[in-house]
Amino acid sequence: MSERRVRVRFAPSPTGPLHIGGVRTALYNYLFARQHGGDLIFRIEDTDSGRFVPGAEEYIIESFRWLGIKFDEGVSFGGDHGPYRQSERRDIYKKYVKQLLDAGRAYIAFDTPEELDAKRKEVENFQYDATTRMQMRNSLTLPAEEVKRMMDEGCQYVVRFKIEPGREVLVNDMIRGEVRINSSILDDKVLYKSADGLPTYHLANIVDDHLMEVSHVIRGEEWLPSAPLHVLLYEAFEWTDSMPRFAHLPLLLKPVGNGKLSKRDGDKLGFPVFPLEWHDPKSGEVSSGYREKGYLPQAVVNFLALLGWNPGNDHSELLSMDELIQLFDLSKCSRNGARFDYIKAAWFNHQYLIQQPDEAWVPEFDRLLQANNIQSTPEKEAEVVRMMKLKVIEYTDSEGNKKKRNVSFVSDLWPLTRFFFVAPNEFDREDKFIRKNWKETTAQEIRSFMEVLQRVEDFSVEGQKAIVDPWVEQSGLRPWNAWRICLVGAGQGPDMYELSAFLGKEETLRRMQFAIDTLG
Ligand code: GLU
392 MSERRVRVRF
402 APSPTGPLHI
412 GGVRTALYNY
422 LFARQHGGDL
432 IFRIEDTDSG
442 RFVPGAEEYI
452 IESFRWLGIK
462 FDEGVSFGGD
472 HGPYRQSERR
482 DIYKKYVKQL
492 LDAGRAYIAF
502 DTPEELDAKR
512 KEVENFQYDA
522 TTRMQMRNSL
532 TLPAEEVKRM
542 MDEGCQYVVR
552 FKIEPGREVL
562 VNDMIRGEVR
572 INSSILDDKV
582 LYKSADGLPT
592 YHLANIVDDH
602 LMEVSHVIRG
612 EEWLPSAPLH
622 VLLYEAFEWT
632 DSMPRFAHLP
642 LLLKPVGNGK
652 LSKRDGDKLG
662 FPVFPLEWHD
672 PKSGEVSSGY
682 REKGYLPQAV
692 VNFLALLGWN
702 PGNDHSELLS
712 MDELIQLFDL
722 SKCSRNGARF
732 DYIKAAWFNH
742 QYLIQQPDEA
752 WVPEFDRLLQ
762 ANNIQSTPEK
772 EAEVVRMMKL
782 KVIEYTDSEG
792 NKKKRNVSFV
802 SDLWPLTRFF
812 FVAPNEFDRE
822 DKFIRKNWKE
832 TTAQEIRSFM
842 EVLQRVEDFS
852 VEGQKAIVDP
862 WVEQSGLRPW
872 NAWRICLVGA
882 GQGPDMYELS
892 AFLGKEETLR
902 RMQFAIDTLG
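Below is the structure:
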């Protein structure tokens, strides 16, 4: 077979914000397209008008813009195979529905919802298929004139796909291998509804993949059950030769327990399942997004890429988009669900965050400080970032255990850096560090230390050291922990000289005097 141009598509339905699993699907399509010098198409599958949500399409486009996933064609991007919004392709689908009807591969059915319900009550596990279709009201059971009359009178109908029973259907999946099922288990799916003049997902999806010359269908595992039907549709249209290759990606699983990752898991454990914050237009509910949580797009791309695929042990886990494009291997994706690890996601963000210059943290850090009523300068803020970005913070995990992790978001810097801007105004006498390091003699020692610092004219780290170090040597005192209590109020923070240099002589001495006065 001659090499076919790689053309893949991401085809969301605009029914709400894009789930992070959908983002991974789009990313894999993007990596695959770029790797093969092919095209990535953005198609909107909006034939189910009842589920349309305003703003969803714009949200999806904005998400990919933020993540750096670029499309070559499609809604808002243009291209030669448009329109790319299915609701604008009605006439195209009608032609193909007619083709199936004319070829006897589909039929018209008039059964009303009430009639179908009645049948479901009557027959256990009722399915509209070869075993039951002759008991129903359709163009196979009604005389042709009757069918014509009903259509002329405007009776509502659907077009159903006529599935031939007892056939083995083969889905050749690039990830799952050969999946075989018997056609007898499939039902005669509705392909078109006269009520809205629109096809259903299955028909529109196949017709569009064909007309848009899609070479590979890379999508979530939840679509695998539809694949045999899709194979049969290609056959019915006599398009088997140009049928795309399928690749069904593994599910994203909950961080703990069994089942698919859901928004509830995110809410419970405090991580987003959407790329951007989403404001539900109906309920007004706000769902958090990776962008607003302080994730960098490169970090999101990197950790998502590794959910269901990995480049093997010879490679670092930290991979840029270009490296991902080079290394990605669709056929090596896992068949098993990929467990969503939000602690790992934070780790990735830490890695990308610390690669950035300190100045890059400043705008968000400044917003954080302002939200806490603190005014500072970009220089001072960058200085604090430099001193604190490699610290660890404590957090409580889903089981309520206290754990530690790296600073992974700019927002982690608060309250970690509060003392740079706000002097301690009280001391927790129960605090272990304070009890251990503030003793009977400490106030006197700090007083002598203050006298030494008074003499320091150049209050830089070097300037202080030049005077303080000889004094420490000679006096044999070790004032560091007590000094930390004075300036920080607790057993944390950066190098003490760096902190005192940052605070300046006056503020440093002021805090020392306050500690002596308060702790005695
Ligand atoms: N519209 C489907 C979705 O929402 C597309 C499935 C497919 O890629 O075939 O994911």
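Each residue of the sequence shown is one higher than the last, beginning at 392 in this note's numbering.
Backbone N, C-alpha and C fix where the C-beta goes; we use that ideal spot for every residue, glycine too.
Do Pro646 and Arg730 have their CB atoms nearer than 8 Å? Within the sequence shown, residue 646 is the residue found at index 255, counting from 1. Within the sequence shown, residue 730 is the residue found at index 339, counting from 1. It is a contact, given that the beta carbons lie within the stated cut-off.
Rounded to the nearest angstrom, what separates Val560 and Leu533 at their Cα positions? Residue numbering aside, residue 560 sits at position 169 when the sequence shown is read from its first letter. Residue numbering aside, residue 533 sits at position 142 when the sequence shown is read from its first letter. Rounded to the nearest angstrom, the two C-alpha atoms are 30 Å apart.
C-beta atoms of Leu759 and Leu687 nearer than 8 Å: Working through the sequence shown from its first residue, we reach residue 759 at position 368. Working through the sequence shown from its first residue, we reach residue 687 at position 296. No, the Cβ-Cβ distance between Leu759 and Leu687 is not below 8 Å.
Roughly how many angstroms separate the alpha carbons of Gly557 and Leu458, rounded to a whole number? Locating residue 557 in the sequence shown gives position 166, where the first residue counts as 1. Locating residue 458 in the sequence shown gives position 67, where the first residue counts as 1. Cα to Cα, Gly557 sits roughly 46 Å from Leu458.
Trp669, DSSP secondary structure in three states: For the purposes of this step, residue 669 is identified with residue 278 of the sequence shown, where counting begins at 1. Three-state result, Trp669: strand.
Given a cut-off of 8 Å, decide if Phe812 and Ser767 are closer than it, judged by their beta-carbon atoms. The residue you call residue 767 lines up with position 376 of the sequence shown. The residue you call residue 812 lines up with position 421 of the sequence shown. Yes, these two residues count as a Cβ contact at 8 Å.
So if DSSP puts Glu569 in a beta bridge, which residue, or which two residues, is it bridged to? Here residue 569 corresponds to residue number 178 of the sequence shown, with the count starting at 1. Asn563, per the DSSP bridge assignment.
I'd like the list of long-range same chain contacts for Val691, defined as Cβ closer than 6 Å, with 5 residues on each side in sequence excluded. Translated into positions along the sequence shown, residue 691 becomes position 300. Taken in chain order, the residues that qualify are Tyr681.
Just the Cα atoms here: how many angstroms apart are Cys724 and Gly429? On the sequence shown, position 333 is the one that residue 724 refers to. On the sequence shown, position 38 is the one that residue 429 refers to. Taking the straight line from one Cα to the other gives about 20 Å.
Coil, strand or helix - Pro815 by DSSP: Walking along the sequence shown from the start, residue 815 turns up at place 424. Here Pro815 sits in coil by DSSP.
Measuring from the CB of Val622, is there a heavy atom of the ligand GLU at a distance below 7 Å? Position 231 of the sequence shown holds residue 622. No - the ligand GLU has no heavy atom lying nearer than 7 Å to the Cβ of Val622.
With Tyr519 as the anchor, note down where its beta strand (DSSP E) starts and where it stops. Taking the first residue of the sequence shown as position 1, residue 519 is located at position 128. Neither: Tyr519 is in no beta strand (DSSP E) and is coded neither H nor E.
Out of Glu708, Glu714, Leu721, Phe756, which one is the CA nearest neighbour of Gln742? In the sequence shown, residue 742 corresponds to position 351, counting from 1. Residue Glu708 is the option with its Cα nearest to Gln742.
Ile432 beta carbon less than 8 Å from that of Asp463: Taking the sequence shown and counting its residues from 1, the one referred to as residue 463 is at position 72. Taking the sequence shown and counting its residues from 1, the one referred to as residue 432 is at position 41. It is a contact, given that the beta carbons lie within the stated cut-off.
For the ligand GLU, I want to know if Arg912 counts as a neighbour, meaning its beta carbon is within less than 7 Å of at least one of the ligand's heavy atoms. Only positions 392 to 911 of the chain appear in the structure, and residue 912 is not among them; the question remains open.
Neighbourhood of Lys651 by C-beta distance below 6 Å, restricted to the same chain and skipping five residues each side: Taking the sequence shown and counting its residues from 1, the one referred to as residue 651 is at position 260. Leu642, listed in sequence order.
Could you tell me if Met392 is buried or exposed, where buried requires 16 or more neighbouring beta carbons within 10 angstroms of its beta carbon? In the sequence shown, residue 392 corresponds to position 1, counting from 1. For Met392, the predicted structure reports a pLDDT of 49, less than 50, and the residue's modelled location is therefore unreliable. A value from the coordinates is still provided. Result: exposed.
Got a sec: does the ligand GLU put a non-hydrogen atom nearer than 7 Å to the Cβ of Tyr592? Here the question's residue 592 lines up with position 201 in the sequence shown. For the ligand GLU, at least one heavy atom lies less than 7 Å from the Cβ of Tyr592.
What do you get for Thr416, buried or exposed, if any count of 16 or more other CB atoms within 10 angstroms of its CB means buried? Taking the first residue of the sequence shown as position 1, residue 416 is located at position 25. Burial call: buried.
Closest by CA to Gln904, which one among Glu864, Ala834, Pro870, Ile858? Here residue 904 refers to the residue found at position 513 when the sequence shown is read from its first residue. Looking at the Cα atoms, Ala834 is the closest of the given residues.
Rounded distance between the beta-carbons of Leu409 and Tyr450, thought under 8 Å: As a working note, residue 450 is residue 59 in the sequence shown. As a working note, residue 409 is residue 18 in the sequence shown. Their Cβ separation, rounded to whole angstroms, is 7 Å, which keeps Tyr450 and Leu409 in contact under 8 Å.
Between the stretch 663-671 and the stretch 748-758, can you find at least three pairs of beta-carbon atoms closer than 8 Å? no
Taking 7 Å as the cut-off, does the CB of Val798 come closer than this to any heavy atom belonging to the ligand GLU? Walking along the sequence shown from the start, residue 798 turns up at place 407. For the ligand GLU, not one heavy atom lies less than 7 Å from the Cβ of Val798.
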